[in-house]
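Below is one structure; the comments refer to it alone.
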Amino acid sequence: MNQYQAAVEEYLSSMALLAPALREPTTEADAETPAEGSIPQPLRSAMRYSLLLPGKRLRPVLLLAAYHLIKEDWREALPFACALEMIHTYSLIHDDLPALDDDKLRRGQPTNHLVYGENMAILAGDGLLNLAYETMLAAPLCEKDPKNALRAAREIACRAGVRGMIAGQTLDVKLEGSQPDREHVRYIHLHKTADLITAPVVAGLMLAGATEEQLEAGRKYGRGIGLAFQIVDDLLDIQGDVHKLGKETGMDAQRGKMTWPAVCGVEQSRRDALDAVTQAVHAMQIFGSKGDFLAELAQKSLVRSN
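Whatever position you read off the sequence shown (first residue = 1), add 919 for the working numbering.
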């Protein structure tokens, strides 16, 4: 675990709004009537369950590392970094629902709707999405540097929204069972996955006051690692170990999903993932040795097992 991951875990675990109840409700009225300003217990439990499951914390790590390229005190950006993890987690909860991917496992544990029910899983996803924006807008950086904080929040909102991640998810659902083609699968991968990997890099740089040249390097890095990440994900669905992945394998083919290997084959997919990572690594050269951590992170995305 690197220093960024450790800080993210500590921050998420210590969030007062999501703290576990001090006692179990003793009456039905207790359970249904939360204290003013608190989150109802069933909702809080469902949100905590998915958010605190062990994971890579890739997106918050990317934001903190990008901020650290320019400014030393990277902990200042923790609220924004953890907000990214909330948005990512909400998307996973909703993705796993029977109406979408109907998955049974996530990070090696039963998916949220199997534990808390579909209704509470939907609300938990909604809650995490809204708590993410509440967390960003309440961050000290919003008072210290409001212009760049708002730019970063807008970047995250756009890439997580209807022209970004959700746009990719829409085509992913609508084109199930269609004949795979490169143009559509590239669109899906760049938006469904790469947008929410580009967002933390660009937002982290924006928070740190990066130049336009540095921001463009961040965009190229995010697109490269994001595309490679999803291509490798497609390959792992074919060749991965369910115990290492923490989720079921073979589901893409079963659902008729548009994947990179379905269009290009396994060997070309590996080459394309390598090309994407090479572009990401090259984009970090503008930062000199400070970019080494992110360059290495991109290279590691090629050999991951989960």
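Note that CB positions come from ideal geometry on N, CA and C, so glycine has one too. The structure presented is a predicted model; accordingly, all values stated were derived computationally and were not measured.
- The shortest C-alpha to C-alpha distance from Thr1008 to any of Ala1086, Asn1031, Leu988 is the one to Asn1031.
- Going by DSSP, Ser933 is part of the alpha helix (DSSP H) stretching over 922 to 933.
- Using a Cβ distance threshold of 8 Å, Ala1068 and Leu1060 count as a contacting pair.
- When C-alpha distances from His1103 are compared across Met1170, Glu1037, Thr1178, Thr1054, the shortest belongs to Thr1178.
- Look at the beta carbons and you see the segment 971 to 990 touching the segment 923 to 932: at least three pairs across the two are nearer than 8 Å.
- Arg976 sits in coil when the DSSP states are folded into three classes, being neither helix nor strand.
- With respect to the 8 Å criterion, Ala1079 and Leu1042 are not classified as neighbours on the basis of their beta carbons.
- By the Cβ criterion, the segment 962 to 970 is not in contact with the segment 1116 to 1135, since fewer than three pairs of Cβ atoms, one from each stretch, lie closer than 8 Å.
- Taken through DSSP and simplified to helix, strand or coil, Gln1098 comes out as coil.
- With 16 or more other Cβ atoms inside 10 Å of its own Cβ, Lys1111 counts as buried.
- The C-alpha of Ala1147 lies about 25 Å from the C-alpha of Glu928.
- For Arg976 against Glu995, the beta-carbon gap comes to about 18 Å, at or over 8 Å, which does not count as contact.
- For Thr1197, the uninterrupted alpha helix (DSSP H) run begins and ends at 1185 to 1202, by DSSP.
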